[in-house]
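Taking the numbering used here, I'd label the letters of the sequence shown as residues 1302 to 1773. We treat Cβ as the ideally placed atom computed from N, Cα and C, and that holds for glycine. Just so you know, these numbers come straight off a predicted model, no measurement behind them.
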Amino acid sequence: HFDRVAGEGVLFKNAFVTAPSCTPCRSSLLSGQYFFRTGLGAILQGARWDSNIPSYPLILKKAGYHIGETYKVWTPGSPVDAPYGAGKFGYQGAGTKFNQFSQNVTKMVSNGKSIEMAKEVLYDEVMGNFNDFLEDRPEDQPFCYWFGPTLVHRKWIKGSGKELWGIDPDKLKGKMPAFLPDVHEVRQDMADYFGEIQAFDAALGLMLEQLEEMGELDNTLVVVSGDHGAPGFPNGKCSLYDFGVGVPLAVRWGGQNEGRVVEDFINLMDLAPTFLEAAHEPIPEVMTGRSFVSILESNQSGWVNPERNWVITGRERHVAKARKGQIPYPQRALRTSSYLYIINFKPERWPMGDPFHLDFEQRPSLDKIINNTFVTFPDFDASPTKAWLFAREHDPKWKWHYEIAFGKRPFAELYDVNKDPDQIHNLASSPDYAVVKGRLHEQLMGTLHDVNDPRVTQVVPKFEHPPFAGEQ
């Protein structure tokens, strides 16, 4: 059904989040600004919303739209879902079990239901929530709905990809990116992730059908995307490589100019001004996102606007206690059509959090690594893949993969994304790329100064002290 949205609309090949972490990404998406401009919305744990920051849902509400949301919008953070009305417009009376899809389907199957019957129970929940929203809508009132299930966030049932969806892990053999060990355990973990995506896709299809039956599908701007890369895998969530910040993006708007594939770079903060322009509402000057309504209205494929050939991404603090002193791992990156340039401002720190409990006496069991994110390297979600790598810390065959997952990184990283799509060969110290590196560094730092990023404009960045870091 994602394919349907893309086929009847536009598939964007270069879509990215501003930050590969739930709350900062959502702060950016809802506000139409870079995550580092959203105050305490720039961090995960400890986030607080500044009500002075405009958000597109509340702007649309004020303009007369019926707004609503189901499942996760803006959390963790206080007040929960603040930029979407702090729960006043939530619709989940039918339940929230869809968020743990494989767990709940597996439980129902163990109690005697067939797999398909168990799935239908959760699909009914999705549609119950969606229909409650639609039934609350006054006739002909424009609407804005956010569907944000968390099933593709950890955890999910091991083996569920094959058991519930028929996804054979071993058919992924030879297809894994170089930074992932191409072994059964990791392939199975990926297949299980794909299974959760299949469930999301099925729910999307049901909502599209409902809109079509109502005669509203061609009146609706449908956007399908994600908030960061795959959790619990190397170079995914909490990383600035494409596997961490790159997201799918398909947009359908009335079936016009359908079936296009566009190369223009989109940052998900661009959605807020896009929604406002589509609704004929003024775009607040504070928004740094750029509307792409002109691309949606175009009939072109490939490069539509040649100036949309780069994005900036970044990261500050994810898990509060990931490092001693509750300090962040600050990064900024510039991604162009040819290169990825990353600055790790504090290379002495551990990217995935401190290696807690690695001494022999306190070393956690693999079961704990699978189930408890915080036991060690807390910015890397608990997973079978994390446990598999953890068990091979001293295995020469897998040491490179272990370091990719958990090791420290240099101040600068540079990758030629066309020659090295997996982004594993750092060219930052190569004399052959010195001019390229200098040009990218100048563009990145210049843009960060222009948009007033505290990480580069403040002598001691606010992200290094309370309430953004340190003991509270």
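- Determine the closest residue to G1467 out of S1411, G1556, Q1489 and V1381, with distance taken between C-alpha atoms. Distances from the alpha-carbon of G1467 to those of S1411, G1556, Q1489 and V1381 put Q1489 closest.
- Task: Kindly indicate which three-state DSSP category S1539 falls into: helix, strand or coil?
- Result: Contrary to the premise, residue 1539 reads as Cys rather than Ser in this sequence. Here C1539 sits in coil by DSSP.
- Message: Between the alpha carbons of R1455 and G1533, how many angstroms are there, rounded?
- Response: Computed Cα separation, rounded: 8 Å.
- Task: Go to H1367, then tell me how far its alpha helix (DSSP H) extends in each direction, as first and last residue.
- Result: Here H1367 belongs to no alpha helix (DSSP H); instead the beta strand (DSSP E) covers H1367 to Y1372.
- Rounded Cβ spacing between V1752 and V1523 (contact assumed at less than 8 Å): So it is not a contact: roughly 30 Å between Cβ atoms.
- Query: Within the chosen definition, does the region 1556-1564 reach the region 1307-1315 through at least 3 CB pairs nearer than 8 Å?
  - Reply: The region 1556-1564, when compared against the region 1307-1315, does touch it at the 8 Å Cβ threshold.
- Task: Apply the 10 Å Cβ neighbour rule to A1735 and answer buried if 16 or more other Cβ atoms are within range, or exposed otherwise.
- Result: Result: exposed.
- Task: Would you kindly report the start and end of the unbroken alpha helix (DSSP H) that includes G1533?
- Result: Segment: none, G1533 is in no alpha helix (DSSP H) and carries neither H nor E.
- Same chain only: Cβ atoms within 7 Å of P1380, ignoring 5 sequence neighbours per side: Correct list, in chain order: W1350 and A1387.
- Message: Per the DSSP calculation, D1717 is bridged to which residue(s)?
- Response: Looking at the DSSP assignment, D1717 forms a beta bridge with Y1640.
- Item | Beta carbon of I1644 nearer than 8 Å to that of L1745 | Contact: yes.
- Message: Going by DSSP, what residue range makes up the alpha helix (DSSP H) through F1317?
- Response: It is not in any alpha helix (DSSP H) - F1317 instead sits in the beta strand (DSSP E) that spans V1311 to F1317.
- Contact between the region 1705-1716 and the region 1646-1662: three or more CB pairs below 8 Å? At 8 Å Cβ cutoff, the stretches touch.
- Message: Would G1590 and A1320 qualify as a contact pair, given that the criterion is a beta-carbon distance under 8 Å?
- Response: No Cβ-Cβ contact shorter than 8 Å links G1590 with A1320.
- Query: Taking just the CA atoms, how far does Y1385 sit from A1364?
  - Reply: Across the structure, A1364 and Y1385 are spaced so that their CA atoms are roughly 14 Å apart.
- If T1451 sits next to Y1372, beta carbons under 8 Å apart, how far is it from one beta carbon to the other, in whole angstroms? Sure, about 6 Å apart at Cβ, within 8 Å.
- Per DSSP, the bridge partner or partners of R1553: For R1553, which the question treats as bridged, DSSP gives the partners V1523.
- CB-CB under 8 Å to T1324, same chain, minus the five flanking residues each way: which ones, in chain order? When the five nearest sequence neighbours on each side are left out, the beta carbons in the same chain lying within less than 8 Å of the beta carbon of T1324 are those of G1342, I1344, L1345, A1348, W1375, T1376, P1377 and G1378, in order along the chain.
- Exposed or buried, what is G1394 when buried is set at 16 or more other beta-carbons lying within 10 Å of its beta-carbon? Around the beta-carbon of G1394, fewer than 16 other beta-carbon atoms lie within 10 Å, marking it exposed.
- Query: Which ranges would you report for the alpha helix (DSSP H) in the region 1680-1716 if only whole runs of at least 4 residues count?
  - Reply: Counting only runs of 4 or more, we get 1685-1691 and 1700-1707.
- Could you round the C-beta distance between L1690 and H1702 to whole angstroms and report it? I think they count as a contact, below 8 Å. With a Cβ gap of about 6 Å, L1690 and H1702 count as contacting.
- Task: Under 7 Å Cβ to Cβ from D1528, same chain only, skipping five residues before and after it: list those, please.
- Result: Within the same chain, and ignoring the five residues on either side of D1528 in sequence, the residues whose Cβ sits closer than 7 Å to its Cβ are V1318, C1323, C1326 and R1327.
- Item | Cβ-based neighbour list, G1462, same chain, cut-off 6 Å, excluding 5 preceding and 5 following | Excluding sequence positions up to five before and after G1462, its CB lies within less than 6 Å of the CB of I1468, A1492, D1493, F1495 and G1496, all in the same chain and listed in chain order.
- Query: Are the region 1560-1577 and the region 1538-1545 touching, with three or more C-beta to C-beta distances below 8 Å?
  - Reply: As far as the Cβ criterion goes, the region 1560-1577 does not touch the region 1538-1545, which means the pair count is below three.
- Query: So, are the CB atoms of L1749 and R1618 less than 8 Å apart?
  - Reply: For L1749 and R1618, no; Cβs fall outside 8 Å.
- Message: Could you compute how far the alpha carbon of R1639 sits from the alpha carbon of D1723?
- Response: The residue asked about is misnamed: residue 1639 is Ser in this sequence, not Arg. About 13 Å.
- Spatial neighbours of L1518 in its chain, beta-carbon cut-off 6 Å, leaving aside the 5 residues before and after: Excluding positions up to five away in sequence, the list reads L1512.
- Query: For S1352, which residues from the same chain have a beta carbon less than 8 Å from its beta carbon, with the 5 sequence-adjacent residues on both sides left out?
  - Reply: Contacts found: A1383.
- Query: Apart from the five residues just before and just after C1445, which ones in its own chain have a Cβ nearer than 7 Å to its Cβ?
  - Reply: Annotation for C1445: P1358, L1361, Y1366 and I1368 place their beta carbon closer than 7 Å to its own, counting only its chain and skipping 5 residues before and after.
- A1634 bridges to which residues according to DSSP? According to DSSP, A1634 bridges with T1614 and I1643.
- Message: For the alpha helix (DSSP H) containing F1576, name the first residue and the last one.
- Response: Looking at the DSSP string, the run of the alpha helix (DSSP H) that includes F1576 is L1572 to A1579.
- Buried or exposed: where does Q1401 fall if 16 or more other Cβ atoms within 10 Å of its Cβ makes it buried? Answer is buried; the Cβ neighbour count reaches 16.
- Message: If I measure Cβ to Cβ from M1653 and keep anything under 6 Å in the same chain, skipping five residues before and after, which residues do I get?
- Response: Taken in chain order, the residues that qualify are F1678, D1680, F1681 and F1707.
- Element boundaries [beta strand (DSSP E), containing W1447]: Judged by DSSP secondary structure, W1447 falls within the beta strand (DSSP E) whose first and last residues are F1444 to G1449.
- Message: If distances are taken between C-alpha atoms only, which option among D1721, F1566 and V1605 comes closest to L1635?
- Response: When each option's Cα is compared against that of L1635, the closest is F1566.
- Message: Considering just the uninterrupted stretch of the beta strand (DSSP E) at F1566, what are its terminal residues?
- Response: Counting along the chain, the beta strand (DSSP E) containing F1566 begins and ends at R1561 to N1568.
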